[in-house]
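The structure under discussion appears below in the form of structure tokens.
Residue numbers (this note's numbering): 104 to 255.
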């Protein structure tokens with residue numbers, strides 16, 4: 104099995120087992136983030152942590168689960184994840200671009216994978232009127248941040 108096939112299999116498994124449980128959580132991802140002046144734009148998206156769990160089969164690694172909400176028209180700052188990230192669109196449409204790849208648009212029910220260290224250049228809510236919400240499943244080493252800003 105190739106690395107890509109393994110990533111897709113893990114993504115499908117995570118989505119099939121976790122999405123129904125997350126959708127049942129009250130208020131999951133209900134807050135919206137804005138720039139300091141209250142207008143949508145580049146800013147920190149609203150992140151609601153749902154779970155952090157050590158992985159017994161992978162000593163020193165944790166599974167992290169969160170919802171990420173982007174306000175209408177909001178775009179997050181470019182960043183990198185030290186560990187693997189699997190993103191699933193719960194609501195809305197999101198434009199994403201990883202370093203060296205073209206921008207891709209993902210709608211409700213679609214997902215993507217980010218390899219450890221991949222430069223995430225664009226994360227943008229494609230709608231100017233409706234929020235977008237993601238379910239993010241990450242694997243990271245104990246003590247590593249889930250996300251780091253890219254140097255300017």
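Note that CB positions come from ideal geometry on N, CA and C, so glycine has one too.
Exercise for the section: Pick helix, strand or coil for residue 156, following the three-state DSSP scheme. Expected result: DSSP, read as helix, strand or coil, puts residue 156 in strand.
Exercise for the section: Leaving aside the five residues before and after residue 210 along the sequence, list all residues of the same chain whose C-beta is less than 7 Å from its C-beta, in chain order. Expected result: Take residue 210, set aside five residues on each side of it, and the residues of its chain with a beta-carbon closer than 7 Å to its own are 192 and 196, in chain order.
Practice task
Would you tell me roughly how many angstroms separate the C-alpha atoms of residue 147 and residue 233, rounded to the nearest one?
Solution key: The alpha-carbon of residue 147 is positioned some 17 Å away from that of residue 233.
Exercise for the section: Put residue 172 into one of helix, strand or coil per three-state DSSP. Expected result: Three-state DSSP puts residue 172 in a strand.
Exercise for the section: Examine the ligand FMN and report whether any of its heavy atoms sits within less than 7 Å of the Cβ of residue 173. Expected result: The ligand content of the structure shown is nil, which means the ligand FMN is not present either.
Exercise for the section: With DSSP collapsed to three states, give me the class of residue 212. Expected result: DSSP places residue 212 in coil when its eight states are reduced to three.
Exercise for the section: Could you work out which residue in 200, 205 and 189 is closest to residue 212 when comparing CA atoms only? Expected result: Comparing alpha-carbon positions, the option among 200, 205 and 189 lying closest to residue 212 turns out to be 189.
Handout entry: Rounded straight-line distance, which links the Cα of residue 255 to that of residue 246
Key = Answer to the nearest angstrom: the Cα atoms are 24 Å apart.
Handout entry: Which of helix, strand or coil DSSP assigns to residue 218
Key = Coil, per DSSP.
Exercise for the section: Can you check DSSP and say which residues form a bridge with residue 252? Expected result: Beta-bridge pairing links residue 252 to 182.
Handout entry: Pairwise C-alpha distance: residue 226 and residue 179
Key = The alpha-carbon of residue 179 is positioned some 6 Å away from that of residue 226.
Problem - At least 3 beta-carbon pairs within less than 8 Å: the region 214 to 225 vs the region 198 to 206 - result: Yes, they touch.
Problem - Neighbourhood of residue 253 by C-beta, 7 Å cutoff - its chain only, sequence neighbours within 5 removed - result: Counting only Cβ-Cβ distances below 7 Å, and skipping sequence neighbours, we find 181, 182, 183 and 222.
Handout entry: Distance, residue 215 Cα to residue 126 Cα
Key = Because the pLDDT of residue 126 is 37, which lies under 50, any placement of that residue in the model is unreliable, and the number read from its coordinates should be weighed accordingly. A direct Cα-to-Cα measurement between residue 126 and residue 215 gives close to 19 Å.
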